[in-house]
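The next block holds one structure in the form of structure tokens; read it before the comments.
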Amino acid sequence: MASVYLTGVAVRQAGLDLADIARQEAAFVTAEAASKGAAVLSAQMAKGIAREDRAILSDAAIYSLTVADAACAMAQQQLAFSEEARALINVYTTAETVRDFYEILYEYRIKRPELTAVDVHAVLGRVAGSVHPLRLFRKLPTNNLYHIAKFFGFIGGGYPLRSMSLGGLSLLEHALFKLEDEAQGGALLCGVGDMIKADNFEAFRKMGLIESDPHRSQTDKVNVTHGAVALMLENAALLQRSGHVALAQIVSVHSRFDGKIHSQQADWEALLSGLPAAVIGEKPVVVMYDNGAPNLRQVENAAVFKALPNVDIRRYKPYTGYAGSTSGLVDLACALADKSVEVGRTLLVNGMGIGIGCACVVVKKLQHLPIDRPVSGDAS
Amino acid sequence: MRERVVITALGCCTPLGNTYDSVTAALRDGTTGIREIQKFDTASFKSHFAGVPEVGNMRTSPLKRSRSWDELYINNAVKGLMAWPGVDLSHFSPQRIGCFLGVDEPVPDIHQTVDFVYDLQRDAGKAFTNMAEVMEKHYRISDFARLDSTQVLR
Numbered sequence: 003m004a005s006v007y008l009t010g011v012a013v014r015q016a017g018l019d020l021a022d023i024a025r026q027e028a029a030f031v032t033a034e035a036a037s038k039g040a041a042v043l044s045a046q047m048a049k050g051i052a053r054e055d056r057a058i059l060s061d062a063a064i065y066s067l068t069v070a071d072a073a074c075a076m077a078q079q080q081l082a083f084s085e086e087a088r089a090l091i092n093v094y095t096t097a098e099t100v101r102d103f104y105e106i107l108y109e110y111r112i113k114r115p116e117l118t119a120v121d122v123h124a125v126l127g128r129v130a131g132s133v134h135p136l137r138l139f140r141k142l143p144t145n146n147l148y149h150i151a152k153f154f155g156f157i158g159g160g161y162p163l164r165s166m167s168l169g170g171l172s173l174l175e176h177a178l179f180k181l182e183d184e185a186q187g188g189a190l191l192c193g194v195g196d197m198i199k200a201d202n203f204e205a206f207r208k209m210g211l212i213e214s215d216p217h218r219s220q221t222d223k224v225n226v227t228h229g230a231v232a233l234m235l236e237n238a239a240l241l242q243r244s245g246h247v248a249l250a251q252i253v254s255v256h257s258r259f260d261g262k263i264h265s266q267q268a269d270w271e272a273l274l275s276g277l278p279a280a281v282i283g284e285k286p287v288v289v290m291y292d293n294g295a296p297n298l299r300q301v302e303n304a305a306v307f308k309a310l311p312n313v314d315i316r317r318y319k320p321y322t323g324y325a326g327s328t329s330g331l332v333d334l335a336c337a338l339a340d341k342s343v344e345v346g347r348t349l350l351v352n353g354m355g356i357g358i359g360c361a362c363v364v365v366k367k368l369q370h371l372p373i374d375r376p377v378s379g380d381a382s
Numbered sequence: 510m511r512e513r514v515v516i517t518a519l520g521c522c523t524p525l526g527n528t529y530d531s532v533t534a535a536l537r538d539g540t541t542g543i544r545e546i547q548k549f550d551t552a553s554f555k556s557h558f559a560g561v562p563e564v565g566n567m568r569t570s571p572l573k574r575s576r577s578w579d580e581l582y583i584n585n586a587v588k589g590l591m592a593w594p595g596v597d598l599s600h601f602s603p604q605r606i607g608c609f610l611g612v613d614e615p616v617p618d619i620h621q622t623v624d625f626v627y628d629l630q631r632d633a634g635k636a637f638t639n640m641a642e643v644m645e646k647h648y649r650i651s652d653f654a655r656l657d658s659t660q661v662l663r
């Protein structure tokens, strides 16, 4: 079984500046800060993408390429991956649904004002015929993965995963499983989330998953935002060959599926009580999932205090905001950047996804995360 | 080297049939799974035929349907799997059995979306101004739950 190391991290999430997290000077994410940031591909990256591929770039793909590039740059500061090593690198991405058909239909309605809704019901074939095929390519769950694999030449394997807010930690779980069994291998993980997009926000609000009472305190509500995060992983054999600097060791990932909308205290307890005694004995730092929803916090708190009475606790969502699929990986990046979490500490990063269950990643912090670029209120 | 993995049972819901025997028989006999689409009005489409499972090829209102098409297909496949001779999972702890679900892109019902769009209003900056109110009117919580592809795992 090979050890797996983290060699590059990049976060671009609106309202979050990892430099502030590192200094413990981060402010709460405001709605105004979370609304900033547009998907803009750098001119330098655009040059390396063929015209036909640029035509099928979605906003999520642009965010993915941007953070993937920054995570790769961090890993390759001393030495670039050889072409042979690139061929051993897998790509795992979250799959964010691009729900924009209502926009297509709205355009159709504007162009044909003589048609009523009933008329359109009868001519759906004509509506479908009016959609440019490239627009459909942008909606594919494999879109982000395709662009990353092609741009960086990472052809070791991989797939998109849909695990809601557990998405980021699920990527880690799958990558770890693959890399532990490979003689030499690496993985680029990329999570993208957008909780401020109108349809996402309204759907979650209607389901009661986002607290919308503006009078609640900032730490007692879900502060939605958007952004992306990327991690570069290398197993011991690849790391030895690449000569890259290990920032952290991914020790293990523990997950527990449950079909309930939210994990309950018993689910968290069952997950955490299954952690190895050696890990619990190290007085780890627990990075809570706590996305701000009071009911979710209550059950996670109760389980952690019961199953892990001797731990230090960190909560980063009030400062990072909640962007869905980026959750666990952004929390991990914060704990690595946070100078109040000492090098050498064991981290337990908690995660949860609606209808998926909960998970906990065990990580050994080997370095404080170098801040690749301060990002203030901008996801791009 | 990891332990060898073998397939011990199979369930399916396909245009060629919903059992191993019906699929193999259709393949052997050259019976096509392409059929005329009944589940929606194809008059304005170029093609009126598709590879659609027979069990899902009927026209129903989304308001009256208790399951999405994805749920219907997967439930049929899982029923077939559990009915496979010799399949007995009762002596395994549920925590010992994993589930990988390959999913297509879950989409809202097209007719609901059309009605939704005809109530939407946009301002000069092309932002929708009444999204929350119109979403409230046209979609139920269960409609959103259906967009969650993991729904079938429950």
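So the sequence lines, in the order shown, correspond to chains A and B.
Just so you know, my numbering puts 148 at position 146 of the first sequence, and the rest follows in order with no gaps.
Just so you know, my numbering puts 637 at position 128 of the second sequence, and the rest follows in order with no gaps.
Note that the Cβ used here is the ideal one computed from N, Cα and C, for glycine as well.
This one's a predicted model, so the numbers in the text were calculated from it and none came from an experiment.
- Rounded to whole angstroms, the Cβ separation of residue 255 of chain A and residue 15 of chain A is 22 Å, and the two are not in contact under 8 Å.
- Between residue 542 of chain B and residue 526 of chain B, the C-beta spacing is below 9 Å.
- In this structure residue 227 of chain A is in contact with residue 325 of chain A, their Cβ atoms being roughly 5 Å apart against a cut-off of 8 Å.
- The count of Cβ pairs closer than 8 Å, one atom from the segment 81-91 of chain A and one from the segment 153-161 of chain A, reaches three, so the stretches are in contact.
- Unbroken beta strand (DSSP E) runs of no fewer than 3 residues, entirely contained in the segment 145-195 of chain A, are found at 159-163, following chain order.
- Less than 9 Å separates the beta-carbon of residue 319 of chain A from that of residue 294 of chain A.
- At least one CB of chain B lies nearer than 9 Å to the CB of residue 122 of chain A.
- Scanning chain B for C-beta atoms nearer than 8 Å to the C-beta of residue 183 of chain A yields 511, reported in chain order.
- Membership of residue 106 of chain A in the alpha helix (DSSP H) is indicated by the continuous run 103-113.
- For the 9 Å CB-CB criterion, residue 250 of chain A and residue 366 of chain A form a contact.
- Put simply, the backbone Cα of residue 362 of chain A is about 22 Å away from that of residue 225 of chain A.
- Looking at A:368, A:248, A:356, A:287, the one whose alpha-carbon comes closest to that of residue 80 of chain A is A:248.
- Nearest to residue 340 of chain A by alpha-carbon distance, out of A:299, A:245, A:287, A:327, is A:287.
- Distance from the CA atom of residue 160 of chain A to the CA atom of residue 171 of chain A, rounded to whole angstroms, is 15 Å.
- Across the segment 604-634 of chain B, CB contacts with chain A closer than 8 Å involve 604, 607, 608, 612, 614, 615, 616, 617, 619, 620, 622, 623, 624, 625, 626, 627, 629, 631, in sequence order along the chain.
- Taking residue 57 of chain A as the centre and dropping the five residues before and after it, the same chain places the C-beta of 136 closer than 6 Å to its C-beta, in chain order.
- In the same chain as residue 18 of chain A, and ignoring 5 residues on each side of it, the C-beta atoms closer than 6 Å to its own belong to 322, in chain order.
- Per DSSP, residue 537 of chain B is one residue of the alpha helix (DSSP H) stretching across 529-538.
- A contact is defined here as three or more CB-CB pairs under 8 Å, and the segment 274-293 of chain A meets this definition with respect to the segment 308-318 of chain A.
- Cβ proximity to chain B below 7 Å picks out 261 from the segment 260-287 of chain A.
- Neighbours of residue 104 of chain A in chain B, taken as residues at a C-beta separation under 8 Å, are given in chain order as 622, 625, 626, 629.
- Boundaries of the beta strand (DSSP E) harbouring residue 251 of chain A: 250-259, taken from the DSSP string.
- In the three-state scheme derived from DSSP, where H, G and I count as helix and E and B as strand, residue 46 of chain A is classed as helix.
- The C-beta of residue 551 of chain B comes closer than 9 Å to at least one C-beta of chain A.
- Sequence-distant Cβ neighbours of residue 106 of chain A in its own chain, meaning closer than 7 Å and more than five residues away, are 133.
- Counting other Cβ atoms within 10 Å of its Cβ, residue 85 of chain A stays below 16 and is therefore classed as exposed.
- For residue 330 of chain A, the enclosing alpha helix (DSSP H) begins and ends at 329-339.
- Using a Cβ-Cβ cut-off of 9 Å, residue 516 of chain B does not count as an interface residue toward chain A, since no Cβ of chain A sits closer than that to its own.
- Note on geometry: alpha-carbon atoms of residue 640 of chain B and residue 201 of chain A lie some 8 Å from one another.
- Residue 52 of chain A sits exposed, since fewer than 16 C-beta atoms from the chains shown fall within 10 Å of its C-beta.
- Contacts with chain A at 9 Å (Cβ-Cβ) include residue 662 of chain B.
- Pairwise C-beta distances place the segment 174-182 of chain A out of contact with the segment 603-621 of chain B, as fewer than three of them are shorter than 8 Å.
- Residue contact check for residue 171 of chain A against chain B: no CB pair falls below 9 Å.
- In the structure shown, the three-state DSSP call for residue 122 of chain A is helix.
- Between residue 169 of chain A and residue 96 of chain A, the C-beta gap is smaller than 9 Å, which places the two residues in contact.
- The C-beta distance from residue 62 of chain A to residue 98 of chain A rounds to 5 Å, short enough to meet the 8 Å contact threshold.
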